[in-house]
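Protein chains: 2
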Amino acid sequence: MPQKNFDEIRELDLFSKLKDESFSKLMRGAYFKQFPPQIELIDEGDSADFLHILTSGAVELFSRWENRETTLATVFPISTFILAATMTDLAYLMSARTLEKSQIILIPSEDVRAVFSEDRDFANAIVLELARCYRGVVRTTKNLKLRSASERLANHLLVLHKRMDRRNSLTLPYEKRRLASYLGMTAENLSRTFTLLAENGVEVHGKEVVISDLGKLEAFARPTSLIDG
Amino acid sequence: MPQKNFDEIRELDLFSKLKDESFSKLMRGAYFKQFPPQIELIDEGDSADFLHILTSGAVELFSRWENRETTLATVFPISTFILAATMTDLAYLMSARTLEKSQIILIPSEDVRAVFSEDRDFANAIVLELARCYRGVVRTTKNLKLRSASERLANHLLVLHKRMDRRNSLTLPYEKRRLASYLGMTAENLSRTFTLLAENGVEVHGKEVVISDLGKLEAFARPTSLIDG
DNA sequence: CGCGCTATTGATCGGGATCAAGGTAAGTGG
DNA sequence: CCACTTACCTTGATCCCGATCAATAGCGCG
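Going line by line, the protein sequences match chains A and F.
When the first sequence is numbered by the numbering used here, its final residue is 454 and no position is left out of the sequence of numbers.
When the second sequence is numbered by the numbering used here, its final residue is 454 and no position is left out of the sequence of numbers.
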């Protein structure tokens, strides 16, 4: 594995305060793998043998039931995923597939749990990370249950806008149909909702989104830190 | 506080493996309070000063946005709630109200965090509990996004049935309108959905639900361990 | 180019919401 | 013990958001 990756991983909240010894213990047993796009990395229900860290590319977390499928999250570098299943040694609840060619580090779950009980700082970081994830899903649930599809889209655009350093022009980092699924709507409905938002300060051309009237969009979206973070 | 309560709390997964010393440290700073029904214990956005433990009564966790409100969970004794906010020292993301007269133990968040970093077993238990909560909300999200309202109701009845030792007759432990809100539907729609389920092995009289044909209900609900636990 | 995939647009359908009355059951007080 | 109240639930009528189905339009890429 390139040194560059090591350094980046080391800087993740999860590992930054880790003892060197613990960190190398984790890395010693780790696999560094490259995957092509559209590979199913994880099938929900599988036992959680590895903690995954995405170092380049993109990964979709999704779930299937009875011929239906929904996107639960999109993971971008550098970040870990499916920590909760790893810690509890239970089956994964989400499936994962690469969206692009991706580099992924696989750390055996037993190693994670071993270091967790040896290194207090790691335990601390894991708790914070799990709590953060938990709160993220709670926000998602509130978003789904309290808002209409167009309100969800409007607020999501505001979140992206904030994340992009508040530039009024941004590029959607995923296909629209995945965005639609993530927001709990169909691709068709997303399209129509975008045209609806044209009256509320949003212009769309392909994956480019221009927020031409932030005030209008905010008035429509009514964002709150208790949902949108 | 009655000794009986102490013992019951001690048996919670979160506290059972705790050193006596740690447990008393937590209890020393704790408040034991009684609340009448319909009292708002927590307003989302408040800072998370206390970990709450419900020892009798019932508490609803809910959220509001723009004049809409949704039930996120109902808590029954004996259990803790809002652990994640406590650990991260961030604002609560859910509001809470008593549904009945309730006894609640309030443990200052700083004490919880202090004991967490002193007592390895407690740290362990907290991680497991957080991961469990996280996975619970992931299931909720999948349920909301992958299933229709009637499928959610059918599966929820199966969950209650399982929880009630698989007796074919059970009593709904909450008002129907709260169940409706929890399942992400209106009270009216819940009513109609119950009549729909009459053709699928379910009889309802008030809060009494009789599963007259488990096979039929299961065929309709198609439960899966990856959503329904 | 032309093939294949994604996005848009249009027409229609349906699940679930909303609005508006009734019904039912459990208190409450005379 | 029974009228009256009140809260919850049900039922009916209608509406609308968003899904579905179908066709077309872009776009990226070999």
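Ideal Cβ placement from N, Cα and C applies to all residues, glycine included.
Every value quoted in this text rests on a predicted model; they were computed, and no experiment measured them.
Residue burial classification, residue i (beta-carbon count within 10 angstroms, cutoff 16)
i: F:Asn-425; result: buried
i: F:Arg-403; result: buried
i: F:Asn-292; result: exposed
i: F:Glu-236; result: exposed
i: A:Ser-450; result: exposed
i: A:Ala-356; result: buried
i: A:Ser-247; result: buried
i: F:His-386; result: buried
i: A:Ser-241; result: exposed
i: A:Asp-406; result: Sequence check: residue 406 of chain A is Ser here, not Asp. With 16 or more other Cβ atoms within 10 Å, it is buried.
i: A:Asp-344; result: buried
i: A:Lys-432; result: exposed
i: F:Thr-420; result: exposed
i: A:Lys-258; result: exposed
i: F:Glu-180; result: Because chain F here runs from 226 to 454, residue 180 of chain F falls outside it and cannot be looked at.
i: A:Glu-354; result: buried
Closest Cα partner of residue i within the set the options
i: A:Val-363; options: A:Asp-453, A:Leu-315, A:Met-410, A:Arg-289; result: A:Asp-453
i: A:Glu-285; options: A:Ala-379, A:Thr-411, A:Pro-262, A:Cys-358; result: A:Pro-262
i: A:Thr-323; options: A:Gly-270, A:Tyr-399, A:Ser-272, A:Ala-348; result: A:Tyr-399
i: F:Lys-367; options: A:Phe-287, A:Ala-283, A:Gln-259; result: A:Phe-287
i: F:Val-276; options: F:Val-429, F:Tyr-256, F:Leu-383, F:Leu-408; result: What sits at residue 276 of chain F in the sequence shown is Leu, not Val. When only C-alpha atoms are compared, the closest one is F:Tyr-256.
i: A:Lys-326; options: A:Ile-332, A:Ala-283, A:Asp-344; result: A:Ala-283
i: F:Gly-440; options: F:Val-429, F:Asp-314, F:Leu-422, F:Gly-431; result: F:Leu-422
i: A:Thr-418; options: A:Val-427, A:Leu-383, A:Glu-428, A:Ser-375; result: A:Ser-375
i: A:Met-410; options: F:Arg-372, F:Met-252, F:Glu-269; result: F:Arg-372
i: A:Tyr-359; options: F:Ile-329, F:Lys-258, F:Lys-387, F:Phe-306; result: F:Phe-306
i: F:Leu-251; options: F:Ile-303, F:Val-352, F:Pro-333, F:Glu-233; result: F:Pro-333
i: A:Trp-290; options: A:Ala-405, A:Val-384, A:Leu-353, A:Asp-268; result: A:Asp-268
i: F:Leu-408; options: F:Met-389, F:Glu-428, F:Val-384, F:His-430; result: F:Val-384
i: A:Asp-314; options: F:Val-352, F:Asp-314, F:Ser-320, F:Leu-318; result: F:Val-352
i: F:Lys-401; options: F:Val-429, F:Asn-230, F:Ile-278; result: F:Val-429
i: F:Asp-219; options: F:Gly-270, F:Ala-412, F:Leu-369, F:Asp-346; result: With chain F running from 226 to 454 in the structure shown, residue 219 of chain F is simply not present.
i: F:Pro-302; options: F:Ser-406, F:Ile-234, F:Asp-271, F:Ala-412; result: F:Ile-234
i: A:Gly-361; options: F:Asp-344, F:Tyr-317, F:Glu-343; result: F:Tyr-317
i: F:Ala-273; options: F:Met-319, F:Ile-264, F:Thr-280; result: F:Met-319
i: A:Thr-280; options: A:Asn-414, A:Ala-321, A:Phe-231, A:Ile-264; result: A:Phe-231
i: F:Asp-238; options: F:Asp-271, F:Glu-413, F:Ile-278, F:Met-312; result: F:Ile-278
i: A:Phe-260; options: A:Met-312, A:Ala-348, A:Leu-369, A:Gln-328; result: A:Gln-328
i: A:Met-312; options: F:Arg-388, F:Ala-350, F:Arg-253, F:Gly-254; result: F:Ala-350
i: A:Gly-254; options: A:Gly-270, A:Leu-331, A:Ala-309; result: A:Leu-331
i: A:Leu-266; options: A:Gln-228, A:Ala-321, A:Ala-310; result: A:Ala-321
i: A:Gly-270; options: A:Ile-264, A:Ala-310, A:Leu-243; result: A:Ala-310
Contacts of residue i in chain F (Cβ-Cβ under 7 Å)
i: A:Val-362; result: Tyr-359, Val-362, Val-363, Thr-366
i: A:Arg-447; result: Glu-291
i: A:Gly-409; result: Lys-370
i: A:Ala-309; result: Ala-356, Tyr-359, Arg-360
Chain-ordered chain F contacts of residue i [CB-CB under 8 Å]
i: A:Thr-313; result: Leu-353, Ala-356, Arg-357, Arg-360
i: A:Met-389; result: Neighbours of A:Met-389 on chain F: none; closest Cβ ~24 Å, over 8 Å.
Proximal chain A residues relative to residue i, where beta-carbon distance stays under 9 Å
i: F:Leu-297; result: Val-363, Thr-366, Lys-367, Lys-370
Residue i Cβ short of 8 Å to the ligand SAM heavy atom set
i: F:Glu-233; result: Among the components modelled here there is no ligand, and therefore nothing to report on the ligand SAM.
Beta-carbon neighbours of residue i, restricted to chain A and to distances below 7 Å
i: F:Leu-318; result: Arg-360, Val-363, Arg-364, Leu-451
Original post:
Taking a cut of 9 Å between CB atoms, which residues from the segment 330-356 of chain A lie near chain F?
Top reply: Phe-341, Ser-342, Arg-345, Ala-348, Asn-349, Ile-351, Val-352, Leu-353, Leu-355, Ala-356
Original post:
Three or more beta-carbon pairs under 8 Å between the segment 289-300 of chain F and the segment 331-343 of chain F, yes or no?
Top reply: no
Original post:
Touching or not, the segment 424-441 of chain A and the segment 382-402 of chain A, by the rule of three or more beta carbon pairs under 8 Å?
Top reply: yes
**OP:** Could you please tell me which residues of the segment 259-287 of chain A, in chain order, have their CB closer than 8 Å to any CB of chain F?
**Re:** Answer set for the segment 259-287 of chain A: Glu-269, Gly-270.
Subject >> At least three beta-carbon pairs within less than 8 Å, the segment 367-384 of chain F to the segment 440-449 of chain F >> reply: Put simply, the segment 367-384 of chain F touches the segment 440-449 of chain F. At least three CB pairs are less than 8 Å apart.
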